[in-house]
Amino acid sequence: MNYQPSDYLPILVQLGAAIAFIVATMLATHWLGPKRHSKLKDDVFECGIESIGDARTPISVKYFLVAILFVLFDVEIIFMYPWAVNFKALGWDGFMEMIVFMGLLLLGFIYVIKKGVLKWEK
Amino acid sequence: MNSIIALSLFGIANLFLGFLNNRKILMPATLAFILFALGLNLADWNTEVLWFNNMLRTNNLSVNFTTVILVATLLVVAISRGFGDDEEHSHPAEYYAIMLFSVVGAIMMVTFENLLMLFIGLEILSVSMYVLTGSDKRNLRSNEAALKYFLMGAFATGILLFGVALVYGATGSFSIYGIGNFVTENRMGQSEITPMLYVGILLIIIGLLFKVSAAPFHFWTPDVYEGAPTIFTAFMSTVVKTAGFAALYRLLSVSFVGEYGKWVYLLYFLCAATLIIANITAVYQQSFKRMMAFSSISHAGYLLMTVTSNQATTQSSILFYSLAYSIATVTAFAVMILVSENKTSNGKPDESFDAFKGLAKNNPLLAFALAVSMLSLAGIPLTAGFWGKFFIFSDAFKRGLILDLIVAVLMSAVGVYYYFKPIIASYMKEGNIQEITIKPIYKLTLIITTILTILLGLMPDLVKSIF
Amino acid sequence: MLNIILIAFCILTVGSALWVLWTKNVLHAAFALLLTFLGVAALYVMAGADFLGITQILVYVGGILVLLIFGIMLTNQAGNKEGGKNMILTENLNRFWGILIAGGFFGLLFYTFTQAGFQEVEQQHFGEISNHSSTIQITGIQLMTDYVLPFEIVGVLLMIALVGASFLASKNE
Chain A
1363 MNYQPSDYLP ILVQLGAAIA FIVATMLATH WLGPKRHSKL KDDVFECGIE
1413 SIGDARTPIS VKYFLVAILF VLFDVEIIFM YPWAVNFKAL GWDGFMEMIV
1463 FMGLLLLGFI YVIKKGVLKW EK
Chain B
49 MNSIIALSLF GIANLFLGFL NNRKILMPAT LAFILFALGL NLADWNTEVL
99 WFNNMLRTNN LSVNFTTVIL VATLLVVAIS RGFGDDEEHS HPAEYYAIML
149 FSVVGAIMMV TFENLLMLFI GLEILSVSMY VLTGSDKRNL RSNEAALKYF
199 LMGAFATGIL LFGVALVYGA TGSFSIYGIG NFVTENRMGQ SEITPMLYVG
249 ILLIIIGLLF KVSAAPFHFW TPDVYEGAPT IFTAFMSTVV KTAGFAALYR
299 LLSVSFVGEY GKWVYLLYFL CAATLIIANI TAVYQQSFKR MMAFSSISHA
349 GYLLMTVTSN QATTQSSILF YSLAYSIATV TAFAVMILVS ENKTSNGKPD
399 ESFDAFKGLA KNNPLLAFAL AVSMLSLAGI PLTAGFWGKF FIFSDAFKRG
449 LILDLIVAVL MSAVGVYYYF KPIIASYMKE GNIQEITIKP IYKLTLIITT
499 ILTILLGLMP DLVKSIF
Chain C
71 MLNIILIAFC ILTVGSALWV LWTKNVLHAA FALLLTFLGV AALYVMAGAD
121 FLGITQILVY VGGILVLLIF GIMLTNQAGN KEGGKNMILT ENLNRFWGIL
171 IAGGFFGLLF YTFTQAGFQE VEQQHFGEIS NHSSTIQITG IQLMTDYVLP
221 FEIVGVLLMI ALVGASFLAS KNE
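Protein chains in written order, with our numbering: chain A, 1363 to 1484; chain B, 49 to 515; chain C, 71 to 243.
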């Protein structure tokens, strides 16, 4: 049996449904809800200290590092997927190959942890 | 092949050696690792093996190229001086480990049989180079160089990959011999070749020419070479260039040789353009390091000439030239590191020609090593560089690349002018450089490279007969 | 029906890519890139490369874009706070040469692909590959048998990237 792109039609339908739901609810709240604006009501916090400056401040580079590591392990996961699909067919050979592959990345990960890159407070 | 596995493991070992308190162990360990890999590599001599379903091929050619690469790495590591043991901000374990990993990529580029391996090898080499270029984190120039190199290099890799995809689509094979058979058979007129193949070849050539910094894809070179820490500039200008030309030569001479009549015109003119642009620009440089960057572009032009000629002797010419060029370049950078760190201006190492003024007075060894390396790069007789140029010119003459030959001879004359600048500064100008203290291994490296350059200049057949 | 969906995704991809080029706000460009990636993933699926499509979504949409947006948030925006607007703006430089080179490249590829004769090429070289039910299965088998060396070496490459990234991005102690 040949693979058909139309096999993915359910995903498209699901996507359409998700987008339609979001658009519908947003439009509905926009039309249905009452609108009364005032200075106090539009404040970020109604009580407490007045907010100063901007919410969008530069964030620590550590978040960035976590994101980089995430992408790298994301790529690793992608390589596991076709292996997992053929897990039985590939048998022990495939398993050992995967162990070597994972071992390389695991060593890198051990290095990163030992180096203290992921330590939040130094 | 064995050296690839060994070097990968050694790289990891080096990373974890960095957690020991004793940093002094790193450099001897790295030297030992490289020597071990060199031994493994030489053990493959006179065997022809295909590894892992035609992924890699080891034969005498690949062993030779690997040897040149490993020797260059060995020399660079020997002059690294533990990356300044006194400096707390240096990370020698990471530097050495990444250098070893990058050599893995370089060896893959000279042994590949499958285009996939070429791509992965190139990527390993490039990614390591991006990191090493930016390794001087507190230096703005180093950061800029790394970013520039990364953006341009990633783009070039993308172009190369696109080319590989098109060639695969047109020929149905990743193997360089498979592609070669297809191209040659179609040349005989069995079926029509689609333009996909030509565009694919074009894109692959562009991607590789970028990596070896031939014009007009050389714009990143001066900035990156100048911004990177000098030790890594030396590494970059030797190992990357040798690996890049080995890959280019193998692809063009095995896979695309059936279409020689098509790509020869492209390389013919690019070679002349590279030689002219690099040499003329180099004349106007004030900084020694920047001059060396343009010098490396011009040597890419010479190497391109022998690749263009595609003679039977081309591979030995590339090998000899790469070896002579690598040895001389490493020597030049080694002297420069010592001199520029000795003489700082505005708190930064002075990298201009003026820094060499009066070097010969108190440091005769350094001045002599510098002079020999410069003479070799310029191609003056009795040095290795002369024979390198000689072999390349005779290849080009056999093929009848007259325009390239004329340009190359003229530009060699121009080269003499700027290569003599540091020699004149160190021997004839007045200056006040005190005696520079040199570590024994550093001194030994300088002596060995200088002797090698002269020895190869007197008796080129010593290695030429092997290649 | 399939053609209409294909054209819709093509328009989505090209349109959002053009948006990336035209907008001056980097954050808008990042979000437009999200649409481009999704469109490309859909095109992969429609071309029969479902594994590639999944990879595209998982790595690019899920990883790279997060990284990109993190990068924008990390950037110091002190210089661009005129009129209370907080954004990073870009400039378009060298428009002439950029358009010339991109146009030339487009022309080259357009000519190549119109002349390629894909159906003949497929019959000639790739007949047996395109008969499989899903690309994931054949990719997995090939990856672990014929292409096992590239697979392991990619592990080395990823480790270098890991070490290099943590080395470059971590603060000097």
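Each residue gets a CB set at the ideal place from its N, CA and C atoms; glycine is no exception.
Taking its Cβ as the centre, do 16 or more other Cβ atoms sit within 10 Å of residue i, making it buried, or is it exposed?
i: A:Lys1401; result: exposed
i: B:Ala456; result: buried
i: B:Val272; result: buried
i: A:Asn1448; result: buried
i: B:Glu161; result: buried
i: A:Met1388; result: exposed
i: B:Ile52; result: buried
i: C:Glu243; result: Interpretation of C:Glu243 is limited by its pLDDT of 49, a score under 50 that renders its predicted location unreliable; no figure is taken from the coordinates.
i: B:Gln333; result: buried
i: A:His1392; result: exposed
i: B:Phe67; result: exposed
i: A:Gln1376; result: exposed
i: B:His139; result: buried
Look at the Cβ atom of residue i, then the Cβ atom of residue j, and state whether they are nearer than 7 angstroms.
i: B:Ile146; j: B:Leu180; result: yes
i: B:Ser421; j: B:Ala372; result: no
i: B:Thr290; j: B:Ile117; result: yes
i: C:Ile171; j: C:Val96; result: no
i: B:Asp398; j: B:Pro277; result: no
i: C:Gly133; j: A:Asp1455; result: no
i: C:Leu228; j: B:Phe100; result: no
i: B:Ser474; j: B:Ala426; result: no
i: C:Leu106; j: C:Thr125; result: For clarity, residue 106 of chain C is Thr in the given sequence; the question names Leu instead. Not in contact: C:Thr106 and C:Thr125 (Cβ atoms no closer than 7 angstroms).
i: B:Ser528; j: B:Asn358; result: Residue 528 of chain B falls outside the range modelled here, since chain B spans only 49 to 515, and no answer is possible.
i: B:Ser335; j: B:Ser400; result: yes
i: C:Lys94; j: C:Leu159; result: yes
i: B:Leu55; j: B:Leu164; result: no
i: B:Gly292; j: B:Lys259; result: yes
i: B:Leu170; j: B:Ile207; result: no
i: C:Leu135; j: C:Leu104; result: yes
i: C:Val226; j: A:Leu1466; result: yes
i: B:Asp604; j: B:Thr362; result: Beyond the ends of chain B as shown, which are 49 and 515, falls residue 604 of chain B; an answer cannot be given.
Whose C-beta lies closer than 7 angstroms to the C-beta of residue i among residues of the same chain, with five residues either side of it excluded?
i: B:Thr329; result: Phe342
i: B:Asn107; result: Glu96
i: B:Thr242; result: Ala218
i: B:Val383; result: Leu414, Ala417, Leu418
i: C:Ser236; result: none
i: C:Gly168; result: none
i: B:Tyr225; result: Val302
Please report the residue range of the alpha helix (DSSP H) in which residue i lies.
i: B:Val152; result: 140-159
i: B:Val457; result: 450-475
i: B:Leu425; result: 412-426
i: B:Leu256; result: 243-259
i: C:Leu128; result: First-last for C:Leu128: undefined, no H or E at that position.
i: B:Ser346; result: 336-357
i: C:Phe101; result: 96-116
i: B:Arg298; result: 289-298
i: B:Arg129; result: Element bounds for B:Arg129: n/a, residue is neither H nor E.
i: B:Asn480; result: Neither: B:Asn480 is in no alpha helix (DSSP H) and is coded neither H nor E.
i: C:Tyr217; result: Segment: none, C:Tyr217 is in no alpha helix (DSSP H) and carries neither H nor E.
i: C:Ile134; result: Run containing C:Ile134: none; DSSP gives neither H nor E here.
i: A:Tyr1370; result: From DSSP, A:Tyr1370 is part of no alpha helix (DSSP H); its letter is neither H nor E.
i: B:His266; result: Per DSSP, B:His266 belongs to no alpha helix (DSSP H) and is neither H nor E.
The beta strand (DSSP E) spanning residue i covers which residue range?
i: B:Arg105; result: 104-106
i: B:Trp99; result: 97-99
For residue i, I'd like the list of residues in its chain whose CB is within less than 6 angstroms of its CB, leaving aside the five on either flank, ordered along the chain.
i: B:Arg338; result: Pro270, Glu274
i: B:Glu389; result: Pro397
i: C:Ala112; result: Phe79
i: B:Val462; result: Asn327
Can you tell me the Cβ-Cβ gap for residue i and residue j, rounded? I've got them flagged as a contact below 8 angstroms.
i: B:Trp311; j: B:Ile249; result: 6 angstroms
i: B:Ile82; j: B:Val125; result: 6 angstroms
i: A:Pro1444; j: C:Ile81; result: Rounded, the Cβ-Cβ distance is 31 angstroms, inconsistent with contact.
i: C:Gly234; j: B:Val305; result: With 8 angstroms as the limit, C:Gly234 and B:Val305 do not qualify as a contact, their Cβ atoms being about 37 angstroms apart.
Enumerate in chain order the residues of its own chain whose CB-to-CB distance from residue i is below 8 angstroms, with the five nearest sequence positions on each side excluded.
i: C:Leu238; result: none
Would you say residue i touches the ligand COA, meaning its beta carbon is less than 6 angstroms from a heavy atom?
i: B:Tyr225; result: Ligands in the displayed structure: none, and consequently the ligand COA is not present.
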